[in-house]
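K.L.:
Structure below; questions to follow.
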Amino acid sequence: MKCGFCHSPLTKEVSLSQLLRFSPVVFNEYCLSCSKELSRLNKEVFHCQYCQKELAVDSNICDDCHDWEKQLKTFSLKHDYLFSYNEKMKAYFQHYKFLGDIHLSRVFASDIQEGLRSYQQAGFIIVPIPLSKKKLRKRGFNQVERLLMSSDIPFTSMMSKKETLVSQSEKSKEERLASKQPFFISNKAKRKIKGQKILLIDDVYTTGRTILHAYDCLLPYKPKEIRSFSLSR
Ligand SMILES: [Zn+2]
Ligand SMILES: [Zn+2]
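Its first residue numbered 23, the sequence shown is counted upward by one per residue in the numbering used here.
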């Protein structure tokens with residue numbers, strides 16, 4: 023096993039708590055020195071009450087969520103994530119998503135498994151954000167589903183994405199914020215949402231536009247609760 027960032031060799035060490043869980047053990051694939059360059063979400067510092075973005079000053083809402091509050095009548099968001107988006111995470115997503123190194127889906131396997139445990143125990147259905155068919159063909163895999171598979175997390179793919187002419191990452195911030203609902207739910211899945219707790223999963227949370235579209239798409243089918251989670255924010 024090698025570090026997903028710097029390729030230095032790693033040894034697999036199973037902790038006692040992992041052993042006692044009696045479920046397949048998954049490992050993170052990054053070394054100690056690379057881990058020091060990652061910025062884990064620190065819940066001790068000021069952060070946004072909606073998206074948990076860390077804030078430098080004594081405040082409880084970030085600029086993005088402040089804009090959503092003004093723009094959307096039904097703004098509601100409870101987002102959680104593991105790592106702040108920094109240069110290290112940027113390099114990770116560059117290799118994983120854009121260069122398509124599928125093996126990198128394992129880099130944060132144990133972190134993701136740990137991060138999702140309390141949601142699973144609380145009965146949340148894990149729902150990954152979909153890719154459009156065209157995007158899926160181009161990339162060859164859904165990066166969110168792959169992260170979940172590598173972390174041994176069962177999930178339900180109930181959403182689909184319409185084809186769009188320009189992808190989110192190619193749009194300016196203004197264009198992204200104004201984008202129309204890209205998701206839809208199959209008739210079969212619609213009947214399974216009522217009264218359920220749903221946890222939407224994305225790889226990166228940027229402005230919140232994608233996640234908020236997904237919340238909107240699910241809401242008419244009366245889930246009990248919707249929350250969201252991403253590897254990075
Ligand atoms: Zn490393
Ligand atoms: Zn926020």
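Backbone N, C-alpha and C fix where the C-beta goes; we use that ideal spot for every residue, glycine too. For clarity, every value in this text was computed on a predicted model and none was experimentally measured.
#1: Given that a residue counts as buried once 16 or more other Cβ atoms are within 10 Å of its Cβ, and exposed if not, what is residue 232?
#2: Between residue 74 and ligand 2, is there a pair consisting of the residue's CB and a ligand heavy atom that are separated by less than 8 Å?
#3: Are the region 32 to 46 and the region 104 to 114 touching, with three or more C-beta to C-beta distances below 8 Å?
#4: Within 8 Å: the Cβ of residue 224 and any heavy atom of ligand 2?
#5: Quick check: what's the CA-CA separation for residue 257 versus residue 200?
#6: Taking 6 Å as the limit, name every residue whose beta carbon sits nearer than that to some heavy atom of ligand 1, in sequence order.
#7: Helix, strand or coil for residue 86? Go by DSSP, reduced to three states.
#8: Since residue 205 sits in a beta bridge, which residues does DSSP pair it with?
#9: Alpha carbon to alpha carbon, how far is residue 168 from residue 227?
#10: Are residue 51 and residue 129 touching if we call contact CB-CB under 9 Å?
#11: According to DSSP, which residues form a beta bridge with residue 146?
#12: Mapping the DSSP letters down to three states, classify residue 133 as helix, strand or coil.
#13: Apart from the five residues just before and just after residue 177, which ones in its own chain have a Cβ nearer than 6 Å to its Cβ?
#14: For residue 44, which beta-bridge partners are listed by DSSP?
#15: Quick check on residue 225: buried or exposed, where buried means 16 or more other Cβ atoms within 10 Å of its Cβ?
#16: For ligand 2, I want to know if residue 83 counts as a neighbour, meaning its beta carbon is within less than 8 Å of at least one of the ligand's heavy atoms.
P.N.:
Let's see:
#1: By the neighbour-count rule (16 or more Cβ atoms within 10 Å), residue 232 is buried.
#2: Residue 74 has its CB nearer than 8 Å to a heavy atom of ligand 2.
#3: Touching, no.
#4: No, the Cβ of residue 224 stays beyond 8 Å of every heavy atom of ligand 2.
#5: With the chain covering 23 to 255 only, the question about residue 257 has no answer from this structure.
#6: Selection around ligand 1 by beta-carbon proximity, strictly under 6 Å to any non-hydrogen atom, yields 25, 27, 28, 30, 52, 53, 55, 56 in chain order.
#7: Of the three classes helix, strand and coil, the one that applies to residue 86 here is helix, per DSSP.
#8: Bridge partners of residue 205: 183.
#9: Their backbone Cα atoms lie some 17 Å apart in a straight line.
#10: It is a contact, given that the beta carbons lie within the stated cut-off.
#11: Looking at the DSSP assignment, residue 146 forms no beta bridge with any residue, so it has no partner.
#12: Correct three-state label for residue 133: helix.
#13: Hits under 6 Å: 148, 150, 170.
#14: Beta-bridge pairing links residue 44 to no other residue.
#15: So residue 225 counts as buried.
#16: Relative to ligand 2, the nearest heavy atom lies less than 8 Å away from the CB of residue 83.
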